[in-house]
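The next block holds one structure in the form of structure tokens; read it before the comments.
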Amino acid sequence: MRCLNTSIPIYILVLKQMEKKTGMAKLWALFLVVLVLAGSAQAAADRNVSRGGMRRLAGAPGVPVPITVLTSAVAIGAVCMDGTPPAYHMDWGFGAGRNRWIVHLEGGSWCESVGSCLYRKASRLGSSNLMNRQMYFGGILSSSPAENPDFFSWNRVMIRYCDGASFAGEGYDARSGLFFRGQRIWNAVIQHLLSMGMSSADHVLLTGSSAGALAVVLHCDQFGGFFAGRGTTVKCLADAGFFLDAVNVAGWRTLRSYFGGVVATHGVAQNLPRSCTSHLDATSCFFPQNVIGGINTPIFLLNAAYDTWQIRESLAPDVADPGGAWRACKSSRFACNAFQMNILQAFRNQMVGTVLSVSRSRSNGFFINSCFTHGQSEYATWNAYGSPKLLNKAIWKSVGDWYFGRAEVRAIDCAYPCDYSCHHDM
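Per mature numbering (1 follows the signal peptide of the UniProt record, and there is no 0), the sequence shown runs over residues -43 to -1, 1 to 383.
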């Protein structure tokens, strides 16, 4: 499967394709009528799983995991944006998992300017004082053997996200009093976990979702370096972190501009992988597609081909759609017209082609399903009745088979709407 030329706006590629089909106008009209009728019936069935990530949580929440605020980190300047200490939640392992660790990096977007970071500072994403004091672990962090068969007994840690730059910033803005210390937070918490017993682990897995998954990509080899020469099995899992350097529907690159602001505001450049910055600019090296090929530690990419965050914020953001032509489509895929659906299919092709081109190492794995969603490892989509499958394997099984070497997992879904196991967000 070839990757689309990302220098050409997706909407132009679609127009060229449709120009060749003007003689099929009547067929398109009939198709749209059928699509609307089928969509109205399918919408009722999908409604319970199409209104956001929280609806994907299922069953009893389990045991609350208390917060640990790492006050000792303040001494080395490892602080949230408001100067408060970093924090994490940890559920200790037991039985066969006592010497195995999952470290999960929380997600939550970014801030790309002093103004947006000041706003973020007054939330749980900028201050440990405002974080919830306990969390319920689900999905890959669950302690239930039924929900999480391969990892339920491991030491499971979630590092809270309060720096705004995927744990990669280094700086301080004296005028606003904002701290950009993501890299220091990363180092401080990992060193703390190593001192608590992780240094003697026989198996470790670094995971993250969304902005946390981007942090996994940026820090995967750093994480592996902490265990160099110890015989530890070290791997990484990035869930919903494959953010494409895509052209939006207006013909320019929204996410590149946004990431450029993040990199500049937070002083990220100095902490990006040298394998990338040796030949590309810092903003380019904030995109996973330019970093993964240089990662030596095995990494697994879990991503929806129709990533809803990217559709709404990168492909068709409001700033690129001032007339609101995409507003309904971004709320429900059943409201997308034929032209918009072709653009979404082109975006999916770009996603698939780019994953295939950068994740060539046989030690890597991927699970790219054709769902309209964002994030699948923290929720019931990980492993519950009706959870997504590819090649007849649920997500938990695919990740476990790859991690433990039970099977090679390089799974790419057929294009929407062929996959009826999806839990859609739009």
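Virtual Cβ for every residue (Gly too), placed ideally from N, Cα, C.
Three-way DSSP call (helix, strand, coil) for residue i in this model
i, result
"Val22", "strand"
"Met308", "helix"
"Phe183", "coil"
"Leu14", "Here the model assigns Leu14 a pLDDT of 37, short of 50, so the residue's position is not dependable, and the following value carries that caveat. Note: Leu14 maps to coil in three-state DSSP."
"Asp264", "strand"
"Phe244", "coil"
"Met92", "strand"
"Asn326", "strand"
"Asn5", "In this prediction, Asn5 scores a pLDDT of 29, lower than 50, which makes its location untrustworthy; no coordinate-derived value is stated."
"Phe296", "helix"
"Asp130", "strand"
"Leu135", "strand"
"Val315", "helix"
"Met155", "helix"
"Asp120", "coil"
"Ile(-32)", "Because Ile(-32) sits at a pLDDT of 41, beneath the cut-off of 50, its placement in the model cannot be relied upon, and the point is left open."
"residue 419", "Missing from the structure shown is residue 419; the chain here goes from -43 to 383 and no further."
"Gly54", "helix"
"Gln333", "coil"
"Ala303", "helix"
"Cys375", "coil"
"Leu(-7)", "Note that Leu(-7) scores a pLDDT of 35, beneath 50, so its modelled location is shaky and nothing firm can be said."
"Leu(-12)", "Note that Leu(-12) scores a pLDDT of 36, beneath 50, so its modelled location is shaky and nothing firm can be said."
"Cys37", "coil"
"Cys68", "coil"
"residue 385", "Residue 385 cannot be examined here, being either before or after the span of the chain that is shown, -43 to 383."
"Thr(-22)", "Reliability fails at Thr(-22), whose pLDDT of 42 lies under 50, so the model's placement of it is uncertain and no value is given."
"Ala170", "helix"
"Met383", "coil"
"Ala125", "coil"
"Leu150", "helix"
"Asp107", "coil"
"Asp238", "coil"
"Ser100", "coil"
"Ser320", "coil"
Residues sharing a beta bridge with residue i, DSSP
i, result
"residue 404", "Any question about residue 404 goes unanswered here, given that the chain covers just -43 to 383."
"Val60", "Val114, Leu163"
"His46", "Ile24, Met115"
"Ile256", "Cys193"
Sub-8 Å separation of residue i and residue j beta-carbons
i, j, result
"Gly64", "Gly165", "yes"
"Val146", "Tyr45", "yes"
"Asp370", "Asn326", "yes"
"residue 416", "Trp339", "Absent from the model: residue 416. The displayed extent of the chain is -43 to 383, so no value can be given."
"Asn205", "Pro274", "yes"
"Val22", "Trp58", "no"
"Gly83", "Asp196", "no"
"Phe243", "Leu229", "yes"
"Phe200", "Leu163", "no"
"Ala226", "Thr234", "yes"
"Gly19", "Ser99", "yes"
"Ser320", "Pro255", "yes"
"Cys119", "Cys177", "no"
"Ala368", "Phe323", "yes"
"Phe257", "Leu194", "yes"
"Leu71", "Ser133", "Per the sequence shown, the amino acid found at residue 71 is Val instead of Leu. Taking 8 Å as the Cβ cut-off, Val71 and Ser133 qualify as a contacting pair."
"Gly198", "Ser167", "yes"
"Leu259", "Phe304", "no"
"Ser378", "Gly343", "yes"
"Asp202", "Gln246", "yes"
"Phe183", "Leu151", "yes"
"Asp159", "Asn56", "yes"
"Ala277", "Thr211", "yes"
Heavy atom of the ligand NAP within 7 Å of residue i beta-carbon
i, result
"Gly96", "You won't find the ligand NAP in this model; it holds no ligand whatsoever."
Would you list, in sequence order, the uninterrupted beta strand (DSSP E) runs of no fewer than 3 residues that lie entirely inside the region 189 to 235? 190 to 196
Where are the alpha helix (DSSP H) runs, 4 residues long or more, that stay fully inside the region 336 to 372, in chain order? 352 to 360
Within the region 267 to 292, ranges of the alpha helix (DSSP H) (whole runs, at least 4 residues): 284 to 288
Give a yes or no on contact between the region 75 to 93 and the region 138 to 152, applying the rule of three or more CB pairs nearer than 8 Å. no
Say whether the region 282 to 301 touches the region 355 to 364, bearing in mind that this needs 3 or more beta-carbon pairs closer than 8 Å, one atom from each stretch. no
Would you call the region 69 to 84 in contact with the region 118 to 132, where contact means no fewer than 3 C-beta pairs closer than 8 Å? yes
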